[in-house]
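Before any comments, here is the structure.
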Amino acid sequence: MSAAVTPRESGAAGVVDREDRVLVVGAGFTGLGAAAALVRNGVPHDQVEADDDVGGNWYHGVYDSVHIISSRKTTELPDWPMPPDWPDFPSAAQMLAYLRGYADHAGLRPRLELRTRAADIRPAPDRPGRWLVTITGPAGEPETRLYRAVVVANGHHWNRRFPDYPGLRDRFAGELIHSKDYRRAADLAGKRVLVIGGGNS
């Protein structure tokens, strides 16, 4: 586990008592914003992120030429304006730089445990209003902690949802890719492509 967490044992065997703290799960746009709000309001917190850096979907899950679909002015965080010379709809690289800068600006990195997952979150049976969270760090060793609250900001783009089309594999021998795995148009040059779905991705 990260040096950011100094364990103290609670009454329950093997449970690390973090009851004075809120746990933030995820360090993308929402997770960073939530953690910064906790800092501003003097609420002690821990934060875990499964990836090896902040940024969420802007770090690991967007295609090269993507730009945000909401404007710079409506997207920027209140205490961290985007540079005025940026376009109205910033690129993926700009969004990632913005979020990395925000993590530094808000002083979030000292409490952030990277390559660390919240593997299980459940109500503490003997502590009403408290949560037992099983954390798995880079070494893979699980650790159970007790928190007063949990903010779940793990996003929804990390989990591919591939519909099951009966008989598709019997009738189509070509390449199937999920929108999460698409990176650049050049990869599909010279091919006939069918896009299924009408969402943002």
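The opening position of the sequence shown corresponds to residue 1387 in this note's numbering, with each subsequent residue numbered one higher.
Beta carbons: idealized from backbone N, C-alpha and C, even for Gly.
Asked: Using 8 Å as the cut-off, can you tell me whether the stretch 1464-1475 makes contact with the stretch 1398-1414, which would need three or more C-beta pairs spanning the two stretches below that distance?; Found: no
Asked: Report the three-state DSSP secondary structure of LEU1580 (helix, strand or coil).; Found: coil
Asked: Shortest alpha-carbon distance to ARG1508 belongs to which of GLU1499, ARG1501, LEU1518, LEU1500?; Found: LEU1518
Asked: When DSSP labels each residue in this structure, what does TRP1517 get in the three-state scheme?; Found: strand
Asked: Rounded to the nearest angstrom, what separates GLY1414 and GLY1441 at their Cα positions?; Found: 4 Å
Asked: Determine whether the beta carbon atoms of THR1502 and VAL1402 lie at a separation below 8 Å.; Found: no
Asked: What beta strand (DSSP E) runs, 3 residues minimum, are completely inside the stretch 1415-1454?; Found: 1431-1435
Asked: If you compare alpha carbons, which of ASP1506, ALA1489, ASP1432, VAL1425 is closest to ILE1521?; Found: ASP1506
Asked: Just to confirm before moving on: does the CB-CB distance between TYR1449 and ARG1570 stay below 8 Å?; Found: yes
Asked: Helix, strand or coil: how does DSSP classify LEU1463 here?; Found: strand
Asked: Mapping the DSSP letters down to three states, classify SER1477 as helix, strand or coil.; Found: strand
Asked: Could you name the residues of the same chain whose beta carbon sits closer than 6 Å to that of ASP1439, not counting the 5 residues immediately before and after it, in chain order?; Found: TYR1445
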